Every structure is written in structure tokens, then in C-alpha cells.
Amino acid sequence: MKLKRSLFLFCTIALIGVLAFTSRDEEPVEKLVTALQRWADTNPQEKIYLHTDKPYYIVGDTIWFKAYVTIGSKNQLSALSGAVYVDLINEGDSVAQSLKLPLTAGMGKGNIVLSDTVLREGNYRLRAYTQWMRNAGSDYFYDRNFSVGNSVANAVFAKIDYIYTQDGASTKVKALLKYTNQKGEPYVDKPIRYEFKKSYQILATGGGSTNELGEISVNIPSPKPGEVLNSYLLTKIAIAKDANIVKSFPIKTASLKTDVQFFPEGGSLVNGIRSRIGFKATGTNGLGVPIKGVVIDNDNKEVAELESKHLGMGYFQLIPEQDKTYQAKITYPDGSVNTLKLPDAVNDGYVLSVYNNLETDTILVRVNAGGSALKKEGQVVSLVAQCGGVVQYAVSIAINKSTTSIPIPAKDFPSGILQIGLFSKEGSPLNERIVFLQRNDLMDLKVNSSKKEYGVREKVELDIDAKDASGKPLVGNFSVSVINEAVVPSDETTENTIISQLLLSSDIKGYIEKPNYYFYKPTDETKANLDILMLTQGYRRFVWKDLISGKQVLPIFKAEKLVSDITGKLATLANKPIAGGKVTLVNNKLGLILDTVSDKNGLFKFSNLLIAEGIDFMLQGRTLKNGKKLELQVDKVTQHEATPNVNIGDINTNIPAVLKASIENNIGQDMDLQKHGKTGRVQQLREVQISASKKWGFGNHINENQADEVFKPDSRRPCATLKECLEEMDKTRISFALKDGLWQLNGGYVTLIDDVLIEPEDYQELLLSDVSDIRKIYFSYQSKAITARLLASYMARFPPEKLPPVMAIYTKSGNFRKKYDPSVVYYSPKGFSAVKEFYAPKYDNPAVNNPIADLRSTIYWNPAILTGNDGKAKLNYFNSDNRGVYRVTVEGINADGLLGMQVYRYTVN
Numbered sequence: 001m002k003l004k005r006s007l008f009l010f011c012t013i014a015l016i017g018v019l020a021f022t023s024r025d026e027e028p029v030e031k032l033v034t035a036l037q038r039w040a041d042t043n044p045q046e047k048i049y050l051h052t053d054k055p056y057y058i059v060g061d062t063i064w065f066k067a068y069v070t071i072g073s074k075n076q077l078s079a080l081s082g083a084v085y086v087d088l089i090n091e092g093d094s095v096a097q098s099l100k101l102p103l104t105a106g107m108g109k110g111n112i113v114l115s116d117t118v119l120r121e122g123n124y125r126l127r128a129y130t131q132w133m134r135n136a137g138s139d140y141f142y143d144r145n146f147s148v149g150n151s152v153a154n155a156v157f158a159k160i161d162y163i164y165t166q167d168g169a170s171t172k173v174k175a176l177l178k179y180t181n182q183k184g185e186p187y188v189d190k191p192i193r194y195e196f197k198k199s200y201q202i203l204a205t206g207g208g209s210t211n212e213l214g215e216i217s218v219n220i221p222s223p224k225p226g227e228v229l230n231s232y233l234l235t236k237i238a239i240a241k242d243a244n245i246v247k248s249f250p251i252k253t254a255s256l257k258t259d260v261q262f263f264p265e266g267g268s269l270v271n272g273i274r275s276r277i278g279f280k281a282t283g284t285n286g287l288g289v290p291i292k293g294v295v296i297d298n299d300n301k302e303v304a305e306l307e308s309k310h311l312g313m314g315y316f317q318l319i320p321e322q323d324k325t326y327q328a329k330i331t332y333p334d335g336s337v338n339t340l341k342l343p344d345a346v347n348d349g350y351v352l353s354v355y356n357n358l359e360t361d362t363i364l365v366r367v368n369a370g371g372s373a374l375k376k377e378g379q380v381v382s383l384v385a386q387c388g389g390v391v392q393y394a395v396s397i398a399i400n401k402s403t404t405s406i407p408i409p410a411k412d413f414p415s416g417i418l419q420i421g422l423f424s425k426e427g428s429p430l431n432e433r434i435v436f437l438q439r440n441d442l443m444d445l446k447v448n449s450s451k452k453e454y455g456v457r458e459k460v461e462l463d464i465d466a467k468d469a470s471g472k473p474l475v476g477n478f479s480v481s482v483i484n485e486a487v488v489p490s491d492e493t494t495e496n497t498i499i500s501q502l503l504l505s506s507d508i509k510g511y512i513e514k515p516n517y518y519f520y521k522p523t524d525e526t527k528a529n530l531d532i533l534m535l536t537q538g539y540r541r542f543v544w545k546d547l548i549s550g551k552q553v554l555p556i557f558k559a560e561k562l563v564s565d566i567t568g569k570l571a572t573l574a575n576k577p578i579a580g581g582k583v584t585l586v587n588n589k590l591g592l593i594l595d596t597v598s599d600k601n602g603l604f605k606f607s608n609l610l611i612a613e614g615i616d617f618m619l620q621g622r623t624l625k626n627g628k629k630l631e632l633q634v635d636k637v638t639q640h641e642a643t644p645n646v647n648i649g650d651i652n653t654n655i656p657a658v659l660k661a662s663i664e665n666n667i668g669q670d671m672d673l674q675k676h677g678k679t680g681r682v683q684q685l686r687e688v689q690i691s692a693s694k695k696w697g698f699g700n701h702i703n704e705n706q707a708d709e710v711f712k713p714d715s716r717r718p719c720a721t722l723k724e725c726l727e728e729m730d731k732t733r734i735s736f737a738l739k740d741g742l743w744q745l746n747g748g749y750v751t752l753i754d755d756v757l758i759e760p761e762d763y764q765e766l767l768l769s770d771v772s773d774i775r776k777i778y779f780s781y782q783s784k785a786i787t788a789r790l791l792a793s794y795m796a797r798f799p800p801e802k803l804p805p806v807m808a809i810y811t812k813s814g815n816f817r818k819k820y821d822p823s824v825v826y827y828s829p830k831g832f833s834a835v836k837e838f839y840a841p842k843y844d845n846p847a848v849n850n851p852i853a854d855l856r857s858t859i860y861w862n863p864a865i866l867t868g869n870d871g872k873a874k875l876n877y878f879n880s881d882n883r884g885v886y887r888v889t890v891e892g893i894n895a896d897g898l899l900g901m902q903v904y905r906y907t908v909n
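In this note's numbering, the protein residues as written are 1 to 909.
Structure representation (C-alpha cells):
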């Protein structure tokens with residue numbers, strides 16, 4: 001029986017504890033249990049994991065993924081949300097692409113094309129969330145870093161290193177940039193211009209020339225970690241006349257010096273009680289740093305030694321004494337030494353020590369009372385152990401001796417993080433410790449093939465067999481990817497899997513380096529290191545103090561279903577509700593016309609709409625007497641803003657080297673295509689930007705040749721809407737994104753229509769109409785002077801050094817503002833994105849011999865493998881022309897929340 005207990009059972013356990021330790025009227029544990037259950041009932045927690053086909057990509061690739069959304073302590077597939085949002089976020093922490101995908105029984109599938117017109121080489125992130133998850137905050141979203149390399153159009157290979165120098169008490173940082181060609185030869189004496197940016201904000205600019213090694217150093221301008229974090233360098237190197245290559249570099253600086261933190265077990269040090277003190281050393285790149293040292297007291301006496309055991313983490317033991325202070329003398333890998341103060345000890349308090357016995361399935365908890373606490377009569381504390389919001393064990397303890405040991409039988413506890421808390425008689429939290437339980441409650445998943453060695457283009461048949469720990473067959477839903485490790489080599493320990501994400505990463509605070517290290521080959525050593533990780537991390541799902549206070553925060557964001565509602569309000573121009581007004585919803589493309597009537601509060605609703613991507617609506621409001629002097633307001637479902645990258649340690653600062661095998665494979669594929677008279681997989685635009693001189697104009701407007709891009713309607717190139725026309729311009733960088741239900745230009749543009757500054761909600765009708773009233777449109781994004789001329793009288797609204805790019809629309813009528821009608825709203829809700837099917841070639845007809853080389857890096861992807869009642873499933877596909885070790889990754893879940901992950905390898909000769 002999985003021990004997820006009802007309130008009755010909670011109280012029964014508590015009563016047993018009371019009989020063993022204290023009298024009934026002193027027992028406060030029921031209040032804690034009730035508070036936790038109330039929180040779990042009103043705040044069911046969703047988690048997301050994305051299984052992708054491979055760990056990194058090349059420009060032109062497609063990311064194939066499957067979303068698993070679970071809920072509650074059992075990690076069962078969620079029926080709460082019917083939609084998931086998946087964002088592609090660039091180095092500037094801007095959303096480059098966003099998808100909304102339907103969820104069926106907590107699962108969805110999708111793909112993102114890494115188009116060369118939108119992306120360049122760099123570090124990107126995949127972020128996923130549901131609207132319901134926004135109530136808990138972006139810390140709970142799925143958020144993963146990955147690298148994107150470039151192959152065909154890449155004339156310059158670049159990398160970044162950091163140089164740290166000490167200047168008195170401050171640390172100075174220089175970025176050392178190196179530029180080479182594909183052969184590794186340096187670009188010597190080439191002019192460089194750079195911008196140091198954070199999002200779209202330019203922090204500093206500069207330039208110089210490369211030295212004989214192709215290097216140039218750039219000073220990082222700000223010594224403040226908060227300003228350096230999540231910034232990047234955008235550089236242009238002139239490799240030939242009028243040919244500038246753009247390269248971006250992430251500033252991988254989590255802090256300006258190695259950060260060492262100390263974590264007393266349970267939360268605090270108490271004089272006279274032996275305590276374990278965890279520590280974690282994090283380098284400037286966000287990764288763990290090995291350290292060693294000694295602990296000395298205020299008499300300079302050595303009292304303990306310390307040395308990191310795993311990824312900069314470790315622990316030591318100390319018995320603090322009253323009236324003494326302690327410092328740690330730390331030695332870093334470069335031999336430098338630093339002295340850091342340890343947390344102060346208190347006289348009155350408790351030390352919570354937890355020992356996770358891996359052999360006996362018992363968790364031993366020791367409550368050690370300080371001298372002052374022990375002298376107080378009638379001291380009663382409560383011990384509560386919970387997992388995923390469900391209490392696994394609860395007991396009240398009378399403190400009448402210095403050490404009280406509580407063995408907790410954990411055989412039936414589920415895998416995952418167990419939070420153990422100690423509370424005062426009044427219910428105030430005193431100590432907390434988390435431990436990770438690795439139980440035999442995951443799927444026993446097996447993958448096999450008829451042989452271990454195959455030939456190129458040979459058909460492979462795989463058998464999948466899913467059972468539980470007792471050998472019972474399982475019906476489950478799985479996703480399968482097959483890649484060639486010779487083309488896509490990777491370190492399995494750094495990957496995030498369905499197990500590491502749903503059981504570990506989603507529930508604790510902070511960045512986790514190499515999350516799969518603890519699961520892919522579990523040993524006593526990995527389990528011991530996982531316990532050290534638990535010493536140095538914190539549980540983040542809730543704060544006990546808030547739960548006990550009874551403070552209830554109502555959800556702001558509703559859970560979205562598969563079908564959507566469009567709601568809003570009819571109001572007078574004085575914003576008073578209009579009852580009985582008529583609201584009409586129209587979509588001409590679908591031939592859809594719906595109408596409804598506003599209620600006494602002016603509210604209206606169109607229900608159960610299944611909205612696909614690109615579906616726009618016009619809503620019109622009228623009073624009961626068909627008057628139109630009113631305002632129609634639409635409730636818009638917003639998307640979450642871009643968030644800073646917290647996984648600084650995963651940023652790749654040398655993409656060409658790490659992705660070398662994939663880049664060379666792609667170059668080989670494109671060369672073979674060209675040899676056979678074909679174009680490459682993706683029509684790649686070169687990174688070269690041609691620098692052309694521009695004539696200056698005079699007057700309030702600009703000349704056409706002064707704009708960075710110009711649009712004029714052309715009858716030879718018909719398009720349905722202005723938005724479509726702009727997106728289809730030749731070699732344009734103009735693109736739109738749906739933000740808060742409105743189509744807006746990517747890049748922070750402001751819009752002028754007939755020289756009037758217009759907000760996005762006021763030009764949706766024009767954007768989604770034909771171009772019959774459009775005379776011309778100018779875009780300015782490179783020259784501040786041109787932008788200033790367009791903004792004219794609006795210049796005072798913007799800082800001179802931060803002028804936004806401008807879209808200036810000129811209509812034929814010249815009186816756009818006169819057409820504004822508040823009774824009509826054009827609304828473009830975020831609809832479900834279209835999903836492609838993965839194509840895998842078949843070579844089962846020997847009479848057909850395709851001469852073009854098949855150098856796929858993703859050999860096979862299938863997000864919808866089902867095992868039957870016998871727990872078995874079969875699948876087949878054909879190998880590519882690449883030889884090497886092929887890696888099959890199977891991940892999935894069943895209806896009871898049992899997780900499964902298995903890697904299988906075979907060789908292609």
C-alpha cells in the first residue's frame with residue numbers, strides 16, 4: 001500500500017505517537033496535519049516534464065518533444081489542465097517562439113523548427129508551464145538550457161573564456177573572445193564592434209581588433225552580480241569588406257568570486273550539541289568547485305576539517321561552544337585561501353539530525369535539545385514528515401532528555417523528497433530537513449532488439465516490456481527517441497529525465513548540477529552524495545508558517561480546459577455596466593457568427609470554443625436599443641513573461657567544440673545534397689550583413705532609403721492581411737508574437753500610424769485587415785538618428801540612449817484615429833499550434849536505392865507508444881547511413897503515476 005493517508009489515519013498515527021511520548025491534551029499535531037491537507041486540497045500542484053529527441057541541436061533542426069503533466073503526490077497524469085505553453089527563449093531572455101498545445105489525459109506532443117531566419121548559434125531555453133502553474137510562480141516551471149550550433153552558413157567559429165583579476169577588495173572580469181574559421185585558423189587583425197546587453201537594454205559598447213591568435217578581450221562593465229547575470233555580448237566581426245558576421249556570447253558569471261555557503265543540518269547550530277554542517281562551493285560559472293579547509297575558533301584553535309565530496313558539496317561535524325565564534329579557512333583549487341565566518345550558534349533550541357538507512361528502509365530522526373530548552377518543563381514538539389503535500393508520518397514528542405530518537409518505518413513511502421519538520425507546541429516551525437527516498441517503486445522497463453549489431457539502412461525492431469516492481473505487466477504511455485551517439489555525443493549525467501525532473505528538480509530550490517547523476521546508475525556513493533545535496537538545498541513547495549496561519553491565497557489564474565471561453569464586459573463610456581446588451585462574435589474565415597446577451601453586471605460569455613492557431617475574432621457590442629456608444633471589454637488570457645535564466649551552470653561557452661560532431665555531420669549532409677543537385681535541408685541565410693551607406697533626408701519624415709525596411713502593397717504579391725504581408729517580406733527580420741491576446745512585433749517596437757503613437761490594442765483591426773488603406777510602412781531599428789526623426793514629438797517619452805525600434809505606418813486616408821470604435825474589438829486568442837509528424841524514411845524496397853546520403857542525427861521519434869495489457873509494445877524503423885552506437889531512450893508513465901526510463905544501445909557497422 002502506498003502510504004497516502006486520510007485525515008483519520010493521520011490522527012490515528014498522531015494518537016499512537018501521543019500515547020508513546022506525551023499526553024493527549026498537549027498534542028498539537030492535528031493542527032499541522034489539517035493545515036497541510038487544506039493546502040493540498042486548494043492548491044493541487046502540477047509538474048511538467050518535456051522529453052526531447054536529443055540534448056542539443058543545429059540551426060535548421062526540429063525539436064521534437066512530448067509533454068508530461070502530472071499532479072499531486074502520486075505524480076498521476078493531470079486532468080486539471082487542458083493546455084500547456086512551451087516557450088523557446090533566447091540568450092537575451094526574450095521569447096523567440098511560443099506554442100500552445102492541447103493536453104489529453106495530461107500529455108501533449110509538439111515540435112519547434114529552429115529556423116535560420118529567427119535563430120542563430122547560441123544558448124537557448126525550453127520553458128513549459130500551464131496557466132494553473134502560474135499561481136505557484138515561475139520557479140515551478142519546466143526550464144531547460146540547450147545549445148544550438150550552426151553548420152552551413154557559419155564562416156566564423158567563436159568561443160569565450162573569462163579572466164578574473166583582483167583589484168584591492170573588488171574582482172574585475174574580462175571576457176576573452178577568440179575567432180577562427182572552420183579549419184581552426186585565427187582571424188587576425190579583424191575589426192570588432194560589440195554591445196554588452198541585457199535583454200534589449202544596451203549596458204555598454206566598444207570595439208577593437210583581434211590579435212595574432214584571433215583574440216580580443218572585453219571588460220565586463222559592472223561589478224554587480226545582479227547586473228552581470230543573464231546578460232550577453234553581441235559582437236560583429238568584419239571578415240571582409242562590407243561583410244560583418246554577428247556572434248553572441250552568454251556572460252556565464254553567476255557571481256564575481258567563488259561563493260561558499262554553510263547549512264547547519266535542521267537549520268541552526270545550538271551550543272553544546274554536535275551538528276552536521278553542509279557546505280556548497282559554487283564557482284563564478286555557476287558550477288561546483290572542489291575545496292578543502294579547516295575550521296578554527298576565536299582562539300585560532302583548529303576544531304574540524306572539511307573537504308568537498310561531490311560537485312563542491314560536502315559536510316563536517318562541529319560541537320559549538322558558548323561564547324565562541326567559528327571561521328572556516330577555505331583553500332581553493334588555484335591555491336588561494338579565504339576565511340569565512342560560520343553561522344552563529346544559539347543557546348536555546350533544537351538540532352534535528354536525520355539518518356536515511358538504505359538497508360533497513362528506516363529513517364532515524366534524532367531530536368537533540370539544547371541545555372536551555374531541556375530545562376523548560378512541559379516541552380512538547382511535533383514531528384511531521386510529508387511528501388508532495390501528503391503526511392507520511394506525524395508524532396508529538398515530550399522533551400525530557402537531551403536526545404530523543406524516532407525511528408520512522410519508510411518501507412511504504414514513495415520515491416521522492418520527504419520533508420521532515422519539527423514544530424513547537426504552538427505550531428511554530430523550529431527545524432527542517434529534507435531527505436530523498438529512492439524506493440523500488442519505479443517501472444521495471446526493458447528494451448530489447450533481436451540482435452546487437454546492424455547494418456546501415458537496416459530495419460530495426462524493438463520490444464518494450466513494462467512491469468511494476470513485483471513483475472506485474474503495466475499499461476503505459478511512452479515516448480521513444482533514437483539518436484546516433486557518434487553524431488550526438490553527450491554526458492548522461494547532465495541530462496534531465498522524467499525521473500530526475502518530477503521527483504527531484506521540481507521540488508527543491510536552486511540549480512542542480514548533473515541531475516541525472518543520482519539516478520542513471522544509482523550506487524551507495526550516488527545515494528550518499530544525493531543526501532549531501534539534500535543538506536544544501538531547500539524544499540520550495542510551501543512555507544509552513546503560511547500554512548499554519550490559515551492564510552489562504554486564492555488562485556489568480558484559472559486552469560485552462562481543452563475548450564476555451566471568450567468572456568468580457570459591456571460598459572458605457574463612463575464604465576458603467578450595460579445589462580441586456582447584444583454581443584456578436586464573428587470569424588469570417590470559418591463562417592462563424594455567434595451572439596449572446598450581457599447579464600445585469602454587463603458580463604458576457606461565449607463557451608466551449610476549440611481555438612486553433614491563427615483564428616481571430618471580431619466582437620461587436622450594441623445596447624438593448626441597438627446603440628453603439630459603449631465600450632466592449634474582452635478578458636484576455638495572458639502568457640507568462642520571459643524569466644531570467646537560473647541555470648547558469650548549463651550555459652555552453654564553446655558551442656562549436658561541444659557540437660563539433662553534429663556540425664560536421666550536417667555539413668556532410670548538405671554537401672551530399674548539393675552534389676546531387678539539391679538544396680540543403682533548410683535554406684540558410686548567411687550571417688553576413690552588408691553595410692551600405694544611406695543618404696540623409698530632411699523634414700519631419702525620412703526618405704525611403706533611410707529606413708531599415710520598407711513595405712509597400714504590391715498587387716503581384718497578394719496576401720490576406722497586413723500582418724501576413726509584413727511577415728512575408730523578403731529577407732525580413734520582422735515577426736509577430738501573440739502577447740496578452742494581441743499581435744505585437746517582436747523586439748519591443750513602438751507603432752506610429754499617420755504620425756500618431758498607437759497602442760497594440762488599437763491597431764489590431766488594421767493589422768488583421770487587407771492592405772487596401774496602406775500607403776507605405778517604414779521600419780527603423782539600426783539608426784538612433786532615424787528613429788528619433790520618426791518619433792519626433794514623442795521623443796520626450798523615451799530616454800535618448802534607449803530609443804525603441806519603430807514601425808511607422810502611413811495610410812492612404814491619413815486619418816486612422818478617426819476610425820476608432822470602442823464598441824468593436826478584434827481579438828486574437830492564443831490558439832493551439834499545429835503539430836507535424838516525424839518523418840522516418842523506409843528502405844524495405846531493395847529495388848529503390850536512394851543515392852542521397854541519409855545522415856539524420858535523430859533516427860526515430862515516436863511520442864505515442866502504448867503498452868498493452870501484457871505490458872508489451874513493438875516498434876520498428878530504419879537506420880541511417882551513419883555508423884556508430886545508436887542510443888534508444890524510452891520514457892513514460894502509467895495511470896497510477898509510476899515513472900519509467902530506460903536507455904538501450906546497439907551498434908551499426
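Quick reminder that beta carbons are idealized off the backbone N, C-alpha and C, glycines included. Just so it is clear, the structure is predicted and the values come from calculations on it, not from any experiment.
Within 7 angstroms, strictly: CB atoms of residue i and residue j
i, j, result
"residue 465", "residue 446", "yes"
"residue 478", "residue 63", "no"
"residue 777", "residue 809", "yes"
"residue 345", "residue 320", "yes"
"residue 58", "residue 482", "no"
"residue 798", "residue 708", "no"
"residue 651", "residue 280", "no"
Contact belief for residue i with residue j at Cβ below 8 angstroms, rounded distance in angstroms
i, j, result
"residue 532", "residue 313", "5 angstroms"
"residue 371", "residue 347", "7 angstroms"
"residue 103", "residue 84", "5 angstroms"
"residue 349", "residue 294", "26 angstroms between Cβ atoms; not a contact."
"residue 28", "residue 396", "7 angstroms"
"residue 286", "residue 511", "7 angstroms"
Cutoff 8 angstroms; reference residue i; Cβ partners in own chain excluding five residues on either side
i, result
"residue 461", "449, 450, 874, 875, 876"
"residue 693", "In this prediction, residue 693 has a pLDDT of 34, which is less than 50 and means its spatial position is unreliable; nothing more can be read from the coordinates."
"residue 905", "485, 885, 886, 887, 888"
"residue 161", "175, 176, 178, 653"
"residue 768", "616, 721, 722, 723, 743, 826, 828"
Candidates the options, of which the one nearest residue i by Cα
i, options, result
"residue 245", "187, 299, 266", "187"
"residue 430", "322, 505, 545, 510", "545"
"residue 731", "473, 739, 710", "710"
"residue 376", "402, 723, 793", "402"
"residue 590", "609, 367, 623, 598", "609"
"residue 433", "853, 197, 656, 267", "267"
"residue 661", "116, 883, 163", "883"
C-alpha gap between residue i and residue j, whole angstroms
i, j, result
"residue 424", "residue 896", "36 angstroms"
"residue 193", "residue 61", "30 angstroms"
"residue 684", "residue 804", "Only weak support is given to the placement of residue 684: the predicted model assigns it a pLDDT of 42, under 50, and the question is left unresolved by the model."
"residue 494", "residue 902", "16 angstroms"
"residue 491", "residue 147", "14 angstroms"
"residue 509", "residue 145", "17 angstroms"
Proximal residues to residue i (C-beta, below 6 angstroms), its chain only, five neighbours per side dropped
i, result
"residue 824", "620"
"residue 130", "46, 81, 84"
Spatial neighbours of residue i in its chain, beta-carbon cut-off 7 angstroms, leaving aside the 5 residues before and after
i, result
"residue 530", "436, 518"
"residue 899", "75, 442, 443, 498, 499, 502, 893"
"residue 606", "565, 566, 585, 594, 596"
"residue 909", "453, 455, 883"
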